[in-house]
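Q: My questions will all concern the structure given below.
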């Protein structure tokens, strides 16, 4: 069959399949906020104790289609959820608790039915074809340091019962050694061209690596009541309760469904829309994960309470940093302590004022400008937790040992009607030959050049990064024109253009991270480390094995089309 005709038929199937449900949208202004109690997701330990010694405990975690209540006044929503069973599966999925040095073995099991609950686009690079009998999924542990065959390669997808498998699929059970520094990670789907819809459907969850020897002396708030993950994302709903995602693309003649960003009207925390939490007048630790497809959050408290940052992404800071607000891009994790004993009121609203798309899009409204409500009990109480003066210090970056300088340019391409059609890194599609081949154990310097109008959170699998500086590009149009023609920062005289205003890197973002927000019209200089940061030792697995790793924009709609490139380590 002619490929063009086939794509048209697939497109018709996609669009017809999504038009059967009513597109009558919920007016979220009619939904009462703060009526749902904040859930704490189920906790699954990947270890057990044998004669007092922690030992690995194999896990089986499935992906299930089920109903989920996001709000008291919404009908149940069909979702895809992680869990040990369909009955116990949740959105977000269970929090996996791991111990440093104790392996986690997970068999991720796909129990999803043949047809997707959300529209997908056959004209972008995707795991679904006209012959795929099932929903492709593959799990990536974001922030994990592990072998390539457990990294959730976009083409290592599989359908229900492993009946169909992608070209780089190789194993049913994933192995996470947990030999890295303690901190916050999260797991989510990573299937080629389907990440945005599979996460939108609910396939995501929190993962914590704990290291009692390192962490207990810090004295930070502990225990399930006072140390809680907050998984935040946005969703829109139809009146029948189903998740709404437009089935019409912004360039329907080119991409019938794909749109450059998804934004929802309701803000969801731990699976509930605008929940509430009653807290005591003491310190709490919140591990906040922005699991949105494209929304940035700039969090602040309505009553002036402050955030004390103790970690960012998967790594502790060397010392606490206190701020009035914090900007968190998609996939970033901010780990904070809030001292409610300092509150002068009995209510604090966690709020958001980040434009969408960020930074130059629409201002927030009443619905997406509120996140959740804290009801603060009136009585003071004894609090034995503390915020130490020092946290965890890791070896400093020694740029004199950097083995390579690389340039990563971000491009957005538009149609004749000036609507985005796709995005590339270094003007290359994902399946172009690999160009980034760092050596195991090395430190490299990357200059990330954002030639678009959006802020792009760049995520590097396996490696950790430190932001060194951000500089505005001058005579930007001239530089863009040259880069569009030559795709060569050196030949286009990057140094001549990278002499604008410097943007100060916030103190709480100066630690080791695995994703960072790349400002439009700027060049961001980062150091990237391909070894353990707590020891500077090389990996205890073969990081050069197939299928390798990737780096990509973590706006999921961009990643899917096709702002992602392979990353292949060498010896």
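Numbering (mature numbering (1 follows the signal peptide of the UniProt record, and there is no 0)), first residue to last: -21 to -1, 1 to 550.
Beta carbons: idealized from backbone N, C-alpha and C, even for Gly.
Would you say the region 291 to 300 touches the region 488 to 499, given that touching needs at least three Cβ pairs under 8 Å?
A: yes
Q: When you compare only the Cα positions, how much space is there between residue 162 and residue 433?
A: If you number the chain shown from 1, residue 162 lands on position 183. If you number the chain shown from 1, residue 433 lands on position 454. Spanning the two alpha carbons is a distance of roughly 29 Å.
Q: To the nearest angstrom, how far is it from the Cα of residue 426 to the Cα of residue 158?
A: Here residue 426 refers to the residue found at position 447 when the chain shown is read from its first residue. Here residue 158 refers to the residue found at position 179 when the chain shown is read from its first residue. Cα to Cα, residue 426 sits roughly 29 Å from residue 158.
Q: Tell me where the alpha helix (DSSP H) around residue 474 begins and ends.
A: Walking along the chain shown from the start, residue 474 turns up at place 495. For residue 474, the enclosing alpha helix (DSSP H) starts and ends at 473 to 476.
Q: Counting C-beta neighbours from all protein chains within 10 Å, is the total for residue 255 16 or more, i.e. buried, or is it exposed?
A: Taking the chain shown and counting its residues from 1, one reaches residue 255 at position 276. With 16 or more other Cβ atoms within 10 Å, it is buried.
Q: Across which residues does DSSP place residue 62 in a beta bridge pair?
A: Indexing the chain shown from 1 puts residue 62 at position 83. DSSP lists 41 as partners of residue 62.
Q: Counting Cβ pairs, one atom from each stretch, are 3 or more of them under 8 Å apart for the region 407 to 421 and the region 445 to 459?
A: no
Q: Report the rounded CA-to-CA distance for residue 231 versus residue 18, giving the unit in angstroms.
A: Counting from one through the chain shown, the residue named residue 231 turns up at place 252. Counting from one through the chain shown, the residue named residue 18 turns up at place 39. Answer to the nearest angstrom: the Cα atoms are 39 Å apart.
Q: Could you give the first and the last residue of the continuous alpha helix (DSSP H) run that contains residue 175?
A: If you number the chain shown from 1, residue 175 lands on position 196. Annotation: the continuous alpha helix (DSSP H) that includes residue 175 extends over 174 to 180.
Q: Please report the residue range of the beta strand (DSSP E) in which residue 543 lies.
A: On the chain shown, position 564 is the one that residue 543 refers to. 543 to 546 is the span of the beta strand (DSSP E), which, as asked, contains residue 543.
Q: Just the Cα atoms here: how many angstroms apart are residue 546 and residue 466?
A: As a working note, residue 546 is residue 567 in the chain shown. As a working note, residue 466 is residue 487 in the chain shown. One C-alpha to the other measures close to 19 Å.
Q: Between which two residues does the beta strand (DSSP E) containing residue 297 stretch?
A: By one-based count along the chain shown, residue 297 stands at place 318. Element bounds for residue 297: 294 to 302.
Q: Three or more beta-carbon pairs under 8 Å between the region 246 to 255 and the region 69 to 83, yes or no?
A: yes
Q: State the start and end residues of the unbroken alpha helix (DSSP H) segment that holds residue 191.
A: Taking the chain shown and counting its residues from 1, one reaches residue 191 at position 212. 191 to 194 is the extent of the alpha helix (DSSP H) around residue 191.
Q: Just to confirm my understanding: we take residue 16, look at its own chain, exclude 5 residues before and 5 after, and list those with CB closer than 8 Å. What are they?
A: The sequence position of residue 16 within the chain shown is 37, counting from 1. Cβ neighbours of residue 16 beyond the five flanking positions: 251, 254, 255 and 256.
Q: Beta strand (DSSP E) containing residue 280: first to last residue?
A: Here residue 280 refers to the residue found at position 301 when the chain shown is read from its first residue. Start and end: 276 to 280.
Q: According to DSSP, simplified to helix, strand and coil, what is residue 82?
A: To locate residue 82, count along the chain shown from 1; it is residue 103. Coil, per DSSP.
Q: Which runs of the alpha helix (DSSP H), 4 residues or longer, sit entirely within the region 485 to 541?
A: 535 to 538
Q: What three-state label does DSSP hand residue 171 in the structure shown?
A: In the chain shown, the residue the question calls residue 171 occupies position 192. In this structure, residue 171 counts as coil in the three-state DSSP scheme.
Q: Have a look at residue 263 and residue 201 and give me their C-alpha separation to the nearest angstrom.
A: Taking the chain shown and counting its residues from 1, the one referred to as residue 263 is at position 284. Taking the chain shown and counting its residues from 1, the one referred to as residue 201 is at position 222. Pairing residue 263 with residue 201, the inter-Cα distance amounts to about 8 Å.
Q: In whole angstroms, what is the alpha-carbon distance linking residue 376 and residue 504?
A: The residue you call residue 376 lines up with position 397 of the chain shown. The residue you call residue 504 lines up with position 525 of the chain shown. So the alpha carbons of these two residues sit roughly 13 Å apart.
Q: List in chain order: all unbroken alpha helix (DSSP H) runs of 4+ residues lying wholly within the region 402 to 479.
A: 455 to 465 and 473 to 476
Q: Just curious, the beta strand (DSSP E) that residue 328 is in, first and last residue?
A: Against the chain shown, residue 328 aligns to sequence position 349. Per DSSP, residue 328 belongs to the beta strand (DSSP E) from 326 to 331.
Q: Okay, do the region 89 to 108 and the region 211 to 220 touch, 3+ Cβ pairs below 8 Å being the bar?
A: Verdict: no, contact absent.
Q: Tell me which same chain residues have a C-beta within less than 6 Å of the C-beta of residue 300, skipping the five on either side of it?
A: Looking up residue 300 in the chain shown gives position 321. Here the set comprises 288, 486 and 487.
Q: Look at residue 34 and residue 24 and say whether their C-beta atoms are less than 8 Å apart.
A: Walking along the chain shown from the start, residue 34 turns up at place 55. Walking along the chain shown from the start, residue 24 turns up at place 45. Against a cut-off of 8 Å, the Cβ pair of residue 24 and residue 34 comes out as no contact.
Q: Tell me whether the beta-carbon of residue 275 lies closer than 8 Å to the beta-carbon of residue 337.
A: The residue labelled residue 275 in the question sits at position 296 within the chain shown. The residue labelled residue 337 in the question sits at position 358 within the chain shown. Yes, the Cβ-Cβ distance between residue 275 and residue 337 is below 8 Å.
Q: Am I right that residue 343 and residue 199 are in contact with their C-beta atoms under 8 Å? What's the rounded C-beta distance?
A: Numbered from 1 along the chain shown, position 364 holds the residue referred to as residue 343. Numbered from 1 along the chain shown, position 220 holds the residue referred to as residue 199. Incorrect: roughly 31 Å between the Cβ atoms, too far for contact.
Q: CB-CB under 7 Å to residue 538, same chain, minus the five flanking residues each way: which ones, in chain order?
A: Here residue 538 is taken as the residue at index 559 of the chain shown, counted from 1. Excluding residues within five positions, the ones whose Cβ falls inside 7 Å are 174, 531 and 532.
Q: Where DSSP assigns a beta bridge to residue 359, which residues make up the other side?
A: Within the chain shown, numbered from 1, the residue matching residue 359 stands at position 380. Partner(s): 260.
Q: Assign residue 372 to buried or exposed, taking buried as 16 or more other Cβ atoms, counted over all protein chains shown, within 10 Å of its Cβ.
A: If you number the chain shown from 1, residue 372 lands on position 393. By the neighbour-count rule (16 or more Cβ atoms within 10 Å), residue 372 is not buried but exposed.
Q: Can you find the residues in the same chain that come closer than 6 Å, C-beta to C-beta, to residue 205, ignoring five residues on each side of it along the sequence?
A: The residue labelled residue 205 in the question sits at position 226 within the chain shown. Answer for residue 205: 263, listed in chain order.
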